[in-house]
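Reviewing the structure listed below.
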Amino acid sequence: MSELILHVSGVNKRFGGLQALGDVSLDITRGQIYGLIGPNGAGKTTFFNVLTGLYTPDTGEFVLGGVPYAPTAVHKVAEAGIARTFQNIRLFPDMTALENVMVGRHVRTKSGLVRAIFKTRFEREEEADIRQRAEELLDFVGIARYARFQARTLSYGDQRRLEIARALATEPKLLALDEPAAGMNATEKLQLRDLLVRIKAEGRTILLIEHDVKLVMGLCDRVTVLDYGKVIAVGAPAEVQKNAAVIEAYLGGAHA
Amino acid sequence: MSITPISHRPPSLFPRLADNPRAAIVWMLVTAAILAALPFVVGSFGNAWVRILDFALLYVMLALGLNIVVGFAGLLDLGYIAFYAVGAYMYGLLASPHLTETFPAIAALVPGGMHVPVWFVIPLAGGLAAFFGVLLGAPTLKLRGDYLAIVTLGFGEIVRIFMLNLNAPLNLTNGPQGINLIDPIAFGDFSLGKRHELFGVKYAGTYFYYYVFLGLTVLTIVACDRLQDSRIGRAWMAIREDEIAAKAMGINTRNIKLLAFAMGASFGGVAGSMFAAFQGFISPESFSLTESIVVLAMVVLGGMGHIPGVVFGAVLLAVFPEVLRYTAGPVQTALFGHVIVDAEVLRMLIYGVAMVAVMLLRPKGLWPAPVHGVVPKKFRAKPGDSGGPGSSGEAVQ
Numbered sequence: 001m002s003e004l005i006l007h008v009s010g011v012n013k014r015f016g017g018l019q020a021l022g023d024v025s026l027d028i029t030r031g032q033i034y035g036l037i038g039p040n041g042a043g044k045t046t047f048f049n050v051l052t053g054l055y056t057p058d059t060g061e062f063v064l065g066g067v068p069y070a071p072t073a074v075h076k077v078a079e080a081g082i083a084r085t086f087q088n089i090r091l092f093p094d095m096t097a098l099e100n101v102m103v104g105r106h107v108r109t110k111s112g113l114v115r116a117i118f119k120t121r122f123e124r125e126e127e128a129d130i131r132q133r134a135e136e137l138l139d140f141v142g143i144a145r146y147a148r149f150q151a152r153t154l155s156y157g158d159q160r161r162l163e164i165a166r167a168l169a170t171e172p173k174l175l176a177l178d179e180p181a182a183g184m185n186a187t188e189k190l191q192l193r194d195l196l197v198r199i200k201a202e203g204r205t206i207l208l209i210e211h212d213v214k215l216v217m218g219l220c221d222r223v224t225v226l227d228y229g230k231v232i233a234v235g236a237p238a239e240v241q242k243n244a245a246v247i248e249a250y251l252g253g254a255h256a
Numbered sequence: 001m002s003i004t005p006i007s008h009r010p011p012s013l014f015p016r017l018a019d020n021p022r023a024a025i026v027w028m029l030v031t032a033a034i035l036a037a038l039p040f041v042v043g044s045f046g047n048a049w050v051r052i053l054d055f056a057l058l059y060v061m062l063a064l065g066l067n068i069v070v071g072f073a074g075l076l077d078l079g080y081i082a083f084y085a086v087g088a089y090m091y092g093l094l095a096s097p098h099l100t101e102t103f104p105a106i107a108a109l110v111p112g113g114m115h116v117p118v119w120f121v122i123p124l125a126g127g128l129a130a131f132f133g134v135l136l137g138a139p140t141l142k143l144r145g146d147y148l149a150i151v152t153l154g155f156g157e158i159v160r161i162f163m164l165n166l167n168a169p170l171n172l173t174n175g176p177q178g179i180n181l182i183d184p185i186a187f188g189d190f191s192l193g194k195r196h197e198l199f200g201v202k203y204a205g206t207y208f209y210y211y212v213f214l215g216l217t218v219l220t221i222v223a224c225d226r227l228q229d230s231r232i233g234r235a236w237m238a239i240r241e242d243e244i245a246a247k248a249m250g251i252n253t254r255n256i257k258l259l260a261f262a263m264g265a266s267f268g269g270v271a272g273s274m275f276a277a278f279q280g281f282i283s284p285e286s287f288s289l290t291e292s293i294v295v296l297a298m299v300v301l302g303g304m305g306h307i308p309g310v311v312f313g314a315v316l317l318a319v320f321p322e323v324l325r326y327t328a329g330p331v332q333t334a335l336f337g338h339v340i341v342d343a344e345v346l347r348m349l350i351y352g353v354a355m356v357a358v359m360l361l362r363p364k365g366l367w368p369a370p371v372h373g374v375v376p377k378k379f380r381a382k383p384g385d386s387g388g389p390g391s392s393g394e395a396v397q
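Sequences listed follow chains A and B, in order.
Every letter in the first sequence is one number past the one before it in this note's numbering, and letter 168, counting from 1, is 168.
Every letter in the second sequence is one number past the one before it in this note's numbering, and letter 123, counting from 1, is 123.
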């Protein structure tokens, strides 16, 4: 259980005069749900964008599943094995739910233009396989009945699920979720929590960026707290909760 | 599991072979019969109508090619006609006396004159146009919307102006005079440029061109249909819908966009070589910006990204002006005793009104892709109410 999935160290990112990330390090073990929390503007999303190749870091070492990778292009990161969701859901709104998940299979399949035009046996079999995997994933996240609905017509909570299903379709070594509970009501949060637990039970590793401390504390195996772009605490949720620096960061000096 | 094992796309007017084989085959046979008989029906009103039909098919090919770029991949292209020009000039140069007349060296090389058969030129034209597609695509990869439109518009004009001015210092394209005496399509000795006897009646070449074009159009439709339901087609649509999300799914957006440009352009190139063979004459005039806009209008009017809609739009816009040309005068004379509005003027008027009407009433085109699973209006959250964002049935914009 102690195999490292993600090892990140010494990440620096500067935007002009602002040190958005200062020497951030992170180690995620296989099968964990790992939480990354911090107050607003702590650098969580910046770190996330650096990790997934959207921003280029100034320095940093990145190792995924024992293989070093350079987060220089978003699509290469996805290929290396990190699938992400977006804080403000980014689906393919006019495509059906099923097609959305099928797009997720893109990076693990290889039929090209010629095979598609001639509908070769290889292409047909791959296509059937893509379809089947996508249906299974929709079923797994619990929205199989909406398979043929346009993504835009799904409810907010279901769109979240669809986004997670699409990310899972890329067979990620690490599933990175950017504030998945944002804007959800209590029931939906509970369902999301249940879904994440089931994903973990399948042996997947999850990196969770979250605002909702309650959700993180109950769910995560390990937590890193960021503040002003620096790691101020690492550990099990219960330990971190008692950490003076964390309390200060969240509530201000007077409560420390 | 509540998924039915049928097409994941919403039901369309046409039964698909995989879903309902019997209906699909009946449908196909009926369509084939109608299409096969069409030139003879239309031809009874005069040969000009068969010619119009031929042009309509060329426009269908063009519109389908542009639909890959604009409809599938969502990349606005206002210079698409350039690829048509590339294909046309390719065939024009390879199958006309122009090169041998202007360059003695080439004449010495091919003593019998330049007569490259069209079957050899089709893949060549497609390939060359695809290359030009990549050439256009490469510098525009980071552009979207208006900016992309302007660059592609410029590209279309550049190609046309090159054709116009490449008569000096080396006379490659014969400038504004264009290239004449281009070989018609021929199957061995059976040249489509001549009249041929069929069931005891002599028919003009336009009839036979119709079947050649029809065959190519059917191939184009099949290719487009297969592409849209493939891994590459989905990647195109993903880029259209949300480029960043597409990248996050591991799609190499650069390559996939270039592929869309190349694929769309190659259809244009093939149509162009057919055009050159059909007309026997080409000049830069045929490849103006207006033509690009007409083809784009076909795609938009019909229904972007929806193959039957695009075909419909192309046929409508190719045939309608001609119908007007032949009927506007006589109808007005019959009604008012004299012609009040010239057919050409009337055409622009109707075009304008039709475009505004389509924008207002059917913004997704006359025949857009059928939509599945739209939440009825009464279940949708109103834009104003900021109530529970999780309330079921809310459509997130």
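Built from N, CA and C at the ideal position, the CB exists for glycine as well.
Just so we're clear, the structure is a prediction, and the values are computed from it rather than from any experiment.
Determine the closest residue to residue i out of the options, with distance taken between C-alpha atoms.
i               : options                           : result
T56 of chain A  : A:R133, A:K13 and A:E3            : A:K13
T85 of chain A  : A:A238, A:D194, A:A182 and A:G203 : A:A182
Y326 of chain B : B:A343, B:V315, B:V310 and B:A334 : B:A343
G79 of chain B  : B:V319, B:L324, B:A125 and B:L135 : B:L135
T109 of chain A : A:R133, A:E179, A:D212 and A:V240 : A:R133
S283 of chain B : B:R254, B:L58 and B:G87           : B:G87
T34 of chain A  : A:G112, A:L192, A:L174 and A:F122 : Note on residue identity: the sequence assigns Tyr, not Thr, to residue 34 of chain A. Nearest C-alpha to Y34 of chain A: A:L174.
G235 of chain A : A:A20, A:G17, A:G229 and A:I37    : A:I37
K44 of chain A  : A:T224, A:A80, A:N243 and A:A245  : A:T224
L58 of chain B  : B:A369, B:L317 and B:L93          : B:L317
Just mark residue i as buried or exposed, buried being the case when its beta carbon has 16 or more other beta carbons within 10 Å.
i               : result
R234 of chain B : buried
W119 of chain B : exposed
K257 of chain B : buried
D183 of chain B : buried
F15 of chain A  : exposed
I5 of chain A   : buried
I161 of chain B : exposed
P104 of chain B : exposed
T52 of chain A  : buried
P376 of chain B : In this prediction, P376 of chain B has a pLDDT of 46, which is less than 50 and means its spatial position is unreliable; what the coordinates show is noted afterwards. P376 of chain B is exposed by the Cβ-count criterion.
R240 of chain B : buried
P270 of chain B : Position check: residue 270 of chain B holds Val in this sequence, whereas Pro was assumed. Buried.
V323 of chain B : exposed
I340 of chain B : exposed
T170 of chain A : buried
R144 of chain B : exposed
F275 of chain B : buried
P39 of chain B  : buried
Y147 of chain B : exposed
Residue i bridges to which residues according to DSSP?
i               : result
G235 of chain A : A:V223
E285 of chain B : E285 of chain B pairs with nothing; no bridge assigned.
F187 of chain B : B:F190
R84 of chain A  : A:A176
K202 of chain B : B:E197
I37 of chain A  : A:V225
L26 of chain A  : A:V8
I179 of chain B : B:I282
L21 of chain A  : A:K13
Kindly indicate the opening and closing residues of the alpha helix (DSSP H) around residue i.
i               : result
S111 of chain A : It is not in any alpha helix (DSSP H) - S111 of chain A carries neither H nor E in the DSSP assignment.
R14 of chain A  : No alpha helix (DSSP H) contains R14 of chain A, which is instead part of the beta strand (DSSP E) from L4 to F15.
V270 of chain B : T253 to Q279
T187 of chain A : A186 to A201
I122 of chain B : V118 to G137
A82 of chain B  : I81 to L94
I293 of chain A : Coverage of chain A is limited to positions 1 through 256, which leaves residue 293 of chain A absent and any answer about it impossible.
L138 of chain A : R121 to V141
D146 of chain B : G145 to N165
E241 of chain B : R231 to E241
With residue i as the anchor, note down where its beta strand (DSSP E) starts and where it stops.
i               : result
H196 of chain B : H196 to L198
E61 of chain A  : T59 to L64
Worksheet item: Does the count of Cβ pairs from the stretch 96-106 of chain A and the stretch 146-153 of chain A closer than 8 Å reach three?
Response: yes
Worksheet item: Using 8 Å as the Cβ pair cut-off and three pairs as the minimum, do the stretch 48-63 of chain B and the stretch 208-221 of chain B touch?
Response: yes
Fill in: Inter-stretch contact at 8 Å, needing at least 3 Cβ pairs: the stretch 110-127 of chain B / the stretch 33-48 of chain B
no
Item to complete: Please confirm if the stretch 135-144 of chain A is in contact with the stretch 158-172 of chain A, defined as three or more CB-CB distances below 8 Å between the two stretches.
Response: yes
Worksheet entry | Validate contact between the stretch 182-193 of chain A and the stretch 117-133 of chain A using beta carbons, cut 8 Å, 3 pairs | In this structure the stretch 182-193 of chain A does not lie against the stretch 117-133 of chain A, because fewer than three pairs of beta carbons, one per stretch, are closer than 8 Å.
Worksheet item: On the three-pair Cβ rule with 8 Å, is the stretch 303-312 of chain B touching the stretch 63-82 of chain B?
Response: yes
Worksheet entry | Stretch pair the stretch 169-182 of chain B + the stretch 150-157 of chain B: three plus CB contacts closer than 8 Å | Output reads no: the stretch 150-157 of chain B does not touch the stretch 169-182 of chain B.
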